[in-house]
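In what follows, a single structure is set out as structure tokens and then discussed.
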Amino acid sequence: MNNILKKILFPFFIMLSFSGISQSLEGIWHGEYTYTHLDGKKISSPTEVPINLKFILNEDSSYTIYSAIKGSNAKGLDTTVITLVSGQFSKDSIYLEELEVIAPKDISPCLQKMALRINRKENNTELKGTWKSEAINCFSSGYIWFKKLK
-10 MNNILKKILF PFFIMLSFSG ISQSLEGIWH GEYTYTHLDG KKISSPTEVP
40 INLKFILNED SSYTIYSAIK GSNAKGLDTT VITLVSGQFS KDSIYLEELE
90 VIAPKDISPC LQKMALRINR KENNTELKGT WKSEAINCFS SGYIWFKKLK
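In structure tokens:
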């Protein structure tokens, strides 16, 4: 294959592989995370907490991403906390960072940063990796995974 043909085809194959990722991310993902809260030397045992991600594919091939998790509002009542998320994508991984709380507005958020690997098995796609929160009074970290809902 000559060099000109290689220069034309290589970017084309890169775009094809990324478009496959784009199509596989759109939709709702359900998962759980375990966490360890660091309070001095005291470490709590891991607990599974349900969490959802929603990837909305925009016309320009970018994503609008939201996360949703059970939490408490300012009055201590149960609620669902929804946050806006930014994402950086590569061929086999995603870095997600919660940016701001969309609802409810009356809470002090513990925003997460997630480094996830994309795992494909047969007809399923999973996101697995680690997360951390470094805000004041929110320092914790752990393992996280998601599976796309059909």
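Take -10 as the starting number for the sequence shown in the working numbering and just add one per residue.
Idealized CB from N, CA, C, for every residue including glycine.
Computed from a prediction, not measured in an experiment: that's the story for all the values here.
- Judged by DSSP in its simplified three-state form, L138 adopts coil rather than helix or strand.
- In the DSSP assignment, the residues bridged to E86 are S75 and K102.
- Cβ-Cβ distances below 7 Å link T68 to G60, S61, N62 and P93 in the same chain, with the five nearest sequence neighbours on each side left out; the list follows chain order.
- Each of K137, E15 and G16 was checked against the Cα of E111, and the nearest Cα belongs to K137.
- Annotation: E15 to L85 spans about 15 Å, alpha carbon to alpha carbon.
- If you compare the alpha carbons of T53, D95 and E89 with that of G65, the shortest gap goes to D95.
- For E115, the uninterrupted beta strand (DSSP E) run begins and ends at N113 to S122, by DSSP.
- Taking a 10 Å sphere around the C-beta of T53, we find fewer than 16 other C-beta atoms and assign the residue as exposed.
- Beta-bridge partners of A92 (DSSP): I71.
- At least 7 Å separates the beta-carbon of A57 from that of N47.
- With a cutoff of 7 Å on beta-carbon distance, W120 and G20 are scored as not near each other.
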